[in-house]
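In full-length UniProt numbering, the protein residues as written are 1 to 216.
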């Protein structure tokens, strides 16, 4: 069974998430914490398969704690779980290479998120991707300082099918969903994504989604 750790300054949130994960036999809760400093200490003692961590907490926030944990444990699977759909928080989480950013709208959404992270996917919901789509200085009409946003020249090198794949990655689709929509095998989708990353010199699919949305 998957092991998880839950870090949230509200003990009720920790309890609720833990209950639904264990009751559905999705995961076992290894430990809980209520601030970033405790999370760092406990992670060093007992490494979970997935760490669920809030952003705003006393003493040290979840992003600072995540940065320190990833420095010591580069393979850590960290899923940000918060009520704040803040563009700056989201961009920082992406830059840290966390495994996702989930808005706490429905506790049951944690189940597929944890499963997806364990399967090697990155979890970014539509609301989160929407925050990444527009630079902070962009105007409501889709321009930056009055200048229309132009497509990144890296994407101009892609074939039409590669562009279709990139667009679906940016929409948050996993390989199975992309394969179904484009009538391809999952292996072909994986190969297409690898080709896209190589052509664009983008390191991973999360960064691909961010870069695609920033110019479309």
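The beta-carbon is built from N, C-alpha and C at its ideal position, and this holds for glycine as well.
Model, not experiment: these values are computed from the prediction.
Taking just the CA atoms, how far does residue j sit from residue i?
i: residue 80; j: residue 184; result: 31 Å
i: residue 24; j: residue 158; result: 42 Å
i: residue 113; j: residue 102; result: 8 Å
i: residue 42; j: residue 75; result: 16 Å
i: residue 118; j: residue 51; result: 11 Å
i: residue 47; j: residue 123; result: 21 Å
i: residue 223; j: residue 161; result: Residue 223 is absent from the structure shown; the chain starts at 1 and stops at 216.
i: residue 128; j: residue 171; result: 10 Å
i: residue 83; j: residue 18; result: 17 Å
i: residue 70; j: residue 179; result: 32 Å
i: residue 22; j: residue 188; result: 35 Å
i: residue 3; j: residue 116; result: 14 Å
i: residue 176; j: residue 190; result: 10 Å
i: residue 166; j: residue 110; result: 25 Å
i: residue 73; j: residue 44; result: 9 Å
i: residue 20; j: residue 11; result: 14 Å
Check whether the Cβ atoms of residue i and residue j lie closer than 9 Å to each other.
i: residue 64; j: residue 7; result: no
i: residue 39; j: residue 5; result: yes
i: residue 164; j: residue 182; result: yes
i: residue 1; j: residue 28; result: yes
i: residue 68; j: residue 99; result: no
i: residue 14; j: residue 32; result: yes
i: residue 30; j: residue 66; result: no
Once the 5 residues before and after residue i are set aside, which same chain residues still bring their CB inside 6 Å of it?
i: residue 169; result: 205, 208 and 209
i: residue 174; result: 121
Does chain B have any CB closer than 9 Å to the CB of residue i?
i: residue 99; result: Included in the structure is just one protein chain, with no chain B present.
Going by beta carbon distance, what residues of the same chain come within less than 7 Å of residue i, once the five residues before and after it are set aside?
i: residue 16; result: 107
i: residue 9; result: 34, 35, 54, 57 and 58
i: residue 140; result: Caution applies to residue 140, whose pLDDT of 42 falls short of 50 and renders its modelled position unreliable; the model cannot decide the point.
i: residue 104; result: 81, 82 and 83
Going along the chain, which residues of its own chain have a beta-carbon closer than 8 Å to the beta-carbon of residue i, five neighbours each way excluded?
i: residue 203; result: 197
i: residue 154; result: 199, 200, 201, 202 and 211
i: residue 251; result: The structure shown does not extend to residue 251, since the chain spans only 1 to 216, so no value can be given for it.
So residue i is in the alpha helix (DSSP H); what residue range does that whole segment cover?
i: residue 100; result: Counting along the chain, residue 100 falls outside any alpha helix (DSSP H), though it belongs to the beta strand (DSSP E) covering 100-103.
i: residue 202; result: First-last for residue 202: undefined, no H or E at that position.
Would you give the residue range spanned by the beta strand (DSSP E) that residue i belongs to?
i: residue 70; result: No beta strand (DSSP E) contains residue 70, which is instead part of the alpha helix (DSSP H) from 62-72.
i: residue 81; result: 78-82
i: residue 168; result: That residue, residue 168, is in no beta strand (DSSP E); its alpha helix (DSSP H) goes 160-170.
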